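Residue numbers (the UniProt record's numbering): 1 to 268.
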């Protein structure tokens with residue numbers, strides 16, 4: 001069902017008891033569809049939602065029309081239950097909406113400034129990796145700055161390990177290796193990150209902020225925006241921690257943009 005009102009007793013509305021996916025669609029064809037459906041299925045299993053036939057969603061991208069669009073799909077447990085206790089026989093509810101999208105080519109090739117957030121992510125392995133609806137930590141982190149010159153904020157967990165940005169995954173290159181944070185205790189495993197893990201030698205590790213200070217290149221990525229090379233990293237007070245020179249022929253960005261059909265080089 002397309003975007004229509006949810007009843008106030010819907011558990012996704014009341015408790016964040018559900019999941020969502022945001023999918024880039026080009027002329028009716030979805031990008032990274034199998035990865036989105038795999039993450040959605042993983043989320044259904046983690047939240048113990050009733051089994052859904054994901055094939056029911058296969059026709060949605062074609063309904064998005066021409067051009068570049070973002071399809072947002074939301075699945076909730078539905079209504080019912082008493083308080084936090086879910087109903088024994090839940091009837092999942094799903095909605096979808098489509099919006100036009102124009103990515104920022106300036107950020108692809110000119111890079112971005114990012115900051116460290118003060119908020120620390122709590123550890124909850126059962127929810128790690130999936131895209132559940134309860135995203136208050138990300139909302140609070142994004143409230144920390146209003147300067148449009150800052151494109152994103154980096155999040156660490158309660159033990160000081162790097163996790164992600166507020167809406168993007170994090171990859172860096174150190175001593176010739178592509179590294180990315182382990183997402184086994186918190187954070188979202190992005191679909192672009194999963195696709196790149198199948199094609200590149202990504203090293204997943206638990207590391208603190210010092211890993212970025214030792215890196216010679218840093219990128220933020222997601223399946224809608226593509227890749228933003230990081231140009232400057234500030235602490236939460238606005239003090240510069242490190243700056244990076246951008247690479248004209250950025251092999252990592254090119255590999256990611258092939259997955260999304262985005263330009264590989266400036267002027268393409």
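Backbone N, C-alpha and C fix where the C-beta goes; we use that ideal spot for every residue, glycine too.
If you're wondering where the values come from, they're calculated on a predicted model, not measured in any experiment.
Let me know the secondary structure DSSP gives residue i once reduced to three states.
i: residue 197; result: helix
i: residue 54; result: helix
i: residue 134; result: coil
i: residue 100; result: strand
i: residue 191; result: helix
i: residue 253; result: helix
i: residue 108; result: helix
i: residue 68; result: strand
i: residue 146; result: coil
i: residue 243; result: strand
i: residue 236; result: coil
i: residue 202; result: strand
i: residue 14; result: helix
i: residue 121; result: strand
What's the gap between the Cα of residue i and the Cα of residue j?
i: residue 129; j: residue 66; result: 31 Å
i: residue 162; j: residue 101; result: 29 Å
i: residue 39; j: residue 131; result: 8 Å
i: residue 108; j: residue 268; result: 12 Å
i: residue 289; j: residue 224; result: For the chain, the structure presents residues 1 to 268; residue 289 sits outside this window and is missing.
i: residue 121; j: residue 182; result: 13 Å
i: residue 82; j: residue 137; result: 26 Å
i: residue 62; j: residue 29; result: 6 Å
i: residue 76; j: residue 86; result: 12 Å
i: residue 233; j: residue 105; result: 20 Å
i: residue 73; j: residue 23; result: 8 Å
i: residue 192; j: residue 31; result: 9 Å
i: residue 209; j: residue 186; result: 17 Å
i: residue 189; j: residue 169; result: 8 Å
i: residue 123; j: residue 13; result: 23 Å
i: residue 71; j: residue 249; result: 31 Å
i: residue 145; j: residue 64; result: 33 Å
i: residue 15; j: residue 245; result: 44 Å
i: residue 237; j: residue 211; result: 20 Å
i: residue 113; j: residue 205; result: 24 Å
i: residue 2; j: residue 93; result: 11 Å
Any idea which residues DSSP pairs residue i with across the strands?
i: residue 174; result: 177
i: residue 153; result: 115
i: residue 228; result: 220
i: residue 44; result: None, per the DSSP bridge assignment.
i: residue 265; result: In the DSSP output, where bridge partners are listed per residue, residue 265 has none listed.
i: residue 29; result: 26
i: residue 165; result: 154
i: residue 74; result: 20 and 95
i: residue 129; result: 188
i: residue 79; result: 10
Assuming contact is defined by CB atoms lying nearer than 8 Å, are residue i and residue j in contact in what I supplied?
i: residue 79; j: residue 11; result: yes
i: residue 179; j: residue 166; result: no
i: residue 84; j: residue 195; result: no
i: residue 253; j: residue 227; result: yes
i: residue 200; j: residue 255; result: yes
Touch test, the stretch 37-57 against the stretch 5-22, Cβ-Cβ under 8 Å, three pairs minimum: With the cut-off at 8 Å, the stretch 37-57 and the stretch 5-22 touch.
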